[in-house]
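The block underneath contains the structure these notes are about, expressed in structure tokens.
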Amino acid sequence: MNGREGDSTYSYGTGREAERTVRQVAEQPSPMSRADPRVNPLFLALERMSAAIETRAVLQRFVDVAVDMVGAERAVLEIDDRGGRRSELIMATRDGDVDREPWTHGNAAENDERWHSLPVRLGNGPFGTLHLRSGDQRRLEREDIELAAGLANLAGNLIRSAILYQEIEVREQWGNASSRVSTALLAVDPHESLRTIAAELAAERKGERIAVLQPGPASGSIRVVAVEGPDRERCVGRTYSAGETLGASVLGDGMPRATGARTSHGPETLSLETDGMRGPVLFFAITRQKRVCAVLAAARQPGSPEISDTEVHAAADFAERMSLVLDLAVAREAHERSTDRARIARDLHDHVIQILFSVGLDLKNVLSRNSNVLEEALSASLIDRIDDAIRRIRTTIFSINPAPPESARQALMDLAEEASRLLPQPVNMNLSGPIDTMVTGSLLNDVTAVAREMLANVVRHSGADRVEMDVAVLDGSFVLTVEDDGVGMSATPPNGGLANMRKRALARGGSFEVSKKPRRTSATWVVPLP
């Protein structure tokens, strides 16, 4: 007979008769009804196929059962992709050697009466075609084909259930990934968010390579800015034209897409490849403020199943959630910046402007007096207050421009911020000189240890309302002073934290002094610069 599906003399309806027989037996089981020779094989086949729940396992059992049930020498299940093209093959043979004879559709399309082709449907839609071949010793008869047709109908229901179960799993996997990646994004700098998404997604989806794509220098081109996963060196930092990858199209319109081993636009450059075989790739867009800023390409290993519509939609939902998290991060950063500006405005108004205002009043007094002695004293006082205003302005400017994470200035500001949480008022901090340049290495370790101990003593023992920390690099020395308006402490304790600070200073050829007055205690740590 001709192996073409439309030329088969055994109709699909004949298989439905066998399926109806099975259903009747299931509804009204009796020993007599089981005597129908078409029923027992289908019952056994249904039992074998039902033992699996994963889609690929159900498909393989279906093909294996088809070979065993009708005595075929070979069975091939051709699965159609979304465009009606063949996307996957599931094969079985009587002797178990599926690689002995490579499959091409021409095997069944030629005039070979040994081949019989039966459609496999899911509901009202096509799923694929089951091809059966008779052996040299035994030809497939009409009853065999009827059984195979009934098996195909039963298998369609099982396959549909397995696919639904797999879709639920896929949605759950992407949902879990969304929760974990969202949590990770809350702790990183917004500028590192895309790399974080790629790294977290690669850790979540083992064996996949996650690439971050952004617009390239030429029109329509894309650039791979980050890669996580296997074979990352092959594409990281590369630039591709629009014709080399489907990612360019996704970057253009934001619509998710998936490719397989066979694609309409040619080989996918960003796919994983082994021995000439390419794996599928899933592309989905990340947006910021409703504009596409990047595309993530999830490349899977060769031999992986085709990417389903369900997974494309699940990945699109993941991308929407990530885009929302990124927008929230941008909004949070803007809010923090606005809060900082409001704080800076308060500091300038409450401290610097008031100092300069009082300086102006005193200058008027100087101009109205004739005493040279008084004028000199006031002039010195005015100079000191202007210097204080300058230091406060400098500190404010430093707080606007964040320092590198490992810098001395940032470390000291972090310590002041920690102490401020435990005090009635924030620590008033003054910075002067090239601190970040001169305070590094082991000196930085000593400085942070001393500053931490000074502030801890103030918090624990002084009962202060106002604390001021002055940090300066001046005349070849580093000077750290912490002053508070609390009850103070012993200036010469025999041991403990103050003794350790003094030892650190002496080891560097410096000094540590504690000055105590009523409602004013000052600790000063001075060491020469290396």
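Counting from 81, one number per residue, gives the positions in the sequence shown under my numbering.
C-beta atoms are modelled at their ideal positions from N, C-alpha and C, and glycine is treated no differently.
Every value quoted in this text rests on a predicted model; they were computed, and no experiment measured them.
TODO: Could you spell out the range, first to last residue, of the alpha helix (DSSP H) harbouring H393?
DONE: Position 313 of the sequence shown, counted from the first residue, corresponds to residue 393. H393 -> alpha helix (DSSP H) spans 389-427.
Open item on the list: Tell me whether the region 314-322 and the region 387-398 touch, counting them as touching only if at least three CB pairs, one residue from each stretch, are closer than 8 Å.
Closed with: no
TODO: Whole angstroms is fine: what's the gap from I290's alpha carbon to A379's?
DONE: For the purposes of this step, residue 290 is taken as the residue at position 210 of the sequence shown. For the purposes of this step, residue 379 is taken as the residue at position 299 of the sequence shown. Near 7 Å, if we compare the C-alpha coordinates of A379 and I290.
Open item on the list: For a test of the three-state rule: what should DSSP assign to N508, helix, strand or coil?
Closed with: In the sequence shown, counting from the first residue as 1, residue 508 sits at position 428. Strand, per DSSP.
Task: Other residues of its chain near V559: CB distance less than 6 Å, five sequence neighbours each side excluded - done: Taking the first residue of the sequence shown as position 1, residue 559 is located at position 479. A552, V606, listed in sequence order.
TODO: Determine the DSSP secondary structure at R312, reduced to helix, strand or coil.
DONE: Sequence index remark: in the sequence shown, residue 312 carries index 232 (1-based). Here R312 sits in helix by DSSP.
Open item on the list: Assuming contact is defined by CB atoms lying nearer than 9 Å, are V200 and I239 in contact in what I supplied?
Closed with: Residue 200 sits at position 120 when you count from the first residue of the sequence shown. Residue 239 sits at position 159 when you count from the first residue of the sequence shown. A contact, by the Cβ cut-off of 9 Å.
Open item on the list: From the DSSP secondary-structure annotation, give me the bridge partner or partners of L293.
Closed with: For the purposes of this step, residue 293 is taken as residue 213 along the sequence shown, with counting starting at 1. Its beta-bridge partners are V304, V375.
- [ ] Below 8 Å on the Cβ atoms is my guess for A328 versus I302; work out the distance and round it to an integer in Å.
- [x] Indexing the sequence shown from 1 puts residue 328 at position 248. Indexing the sequence shown from 1 puts residue 302 at position 222. 5 Å between Cβ atoms; contact.
TODO: Can you say whether G440 is buried or exposed, counting buried as having 16 or more other CB atoms within 10 angstroms of its CB?
DONE: What you label residue 440 is simply residue 360 of the sequence shown in a count that begins at 1. G440 should be labelled exposed.
Open item on the list: Considering Cα atoms alone, identify which of L212, Q434, P608, V432 is closest to M518.
Closed with: As a first step, residue 518 is located in the sequence shown; it is residue number 438 there, counting from the start. It is P608 whose Cα lies nearest to the Cα of M518.
Open item on the list: Using the Cβ count rule (16 or more neighbours within 10 Å means buried), how would you classify V304?
Closed with: Counted from its first residue, the sequence shown places residue 304 at position 224. Flag for V304 reads buried.
TODO: Answer yes or no: do E280 and A264 have a C-beta to C-beta separation smaller than 9 Å?
DONE: As a first step, residue 280 is located in the sequence shown; it is residue number 200 there, counting from the start. As a first step, residue 264 is located in the sequence shown; it is residue number 184 there, counting from the start. Contact: yes.
- [ ] For G323, count neighbouring Cβ atoms within 10 angstroms of its own Cβ and tell me buried if that reaches 16, exposed if not.
- [x] Translated into positions along the sequence shown, residue 323 becomes position 243. When all chains shown are included, G323 counts as exposed.
Open item on the list: Could you check whether R368 and L406 sit closer than 9 Å to each other, using their CB atoms as the reference points?
Closed with: Along the sequence shown, read from residue 1 onward, the residue named residue 406 stands at position 326. Along the sequence shown, read from residue 1 onward, the residue named residue 368 stands at position 288. Yes.
Open item on the list: Suppose you measure from the CA of P336 to the CA of N537; what does that come to, to the nearest Å?
Closed with: Taking the sequence shown and counting its residues from 1, the one referred to as residue 336 is at position 256. Taking the sequence shown and counting its residues from 1, the one referred to as residue 537 is at position 457. Going from the Cα of P336 to the Cα of N537 covers about 58 Å.
Task: Same chain only: Cβ atoms within 6 Å of A271, ignoring 5 sequence neighbours per side - done: Here residue 271 is taken as the residue at index 191 of the sequence shown, counted from 1. Checking the displayed sequence, the identity of residue 271 turns out to be His instead of Ala. None.
TODO: Check each candidate in D148, T325, G356, S438 and name the one with the smallest Cα separation from L376.
DONE: The residue labelled residue 376 in the question sits at position 296 within the sequence shown. It is T325.
Task: C-beta atoms of D545 and G566 nearer than 9 Å - done: Numbered from 1 along the sequence shown, position 465 holds the residue referred to as residue 545. Numbered from 1 along the sequence shown, position 486 holds the residue referred to as residue 566. Yes, the Cβ-Cβ distance between D545 and G566 is below 9 Å.
Task: Backbone secondary structure at M549 - three-state DSSP - done: Along the sequence shown, read from residue 1 onward, the residue named residue 549 stands at position 469. M549: strand per DSSP, three-state reduction.
Task: Opposing strand residues paired with E593 [DSSP bridges] - done: Translated into the one-based positions of the sequence shown, residue 593 becomes position 513. BP columns for E593 point to T604.
TODO: For L495, collect the residues of the same chain with a Cβ closer than 8 Å to its Cβ; drop the 5 residues on either side in sequence, then sort them by chain order.
DONE: Within the sequence shown, numbered from 1, the residue matching residue 495 stands at position 415. Same-chain partners within the cutoff: T528, A531, R532, L535.
Open item on the list: Any beta carbon from chain D within less than 9 Å of R312's own beta carbon?
Closed with: No chain D appears in the structure shown, which is made up of a single protein chain.
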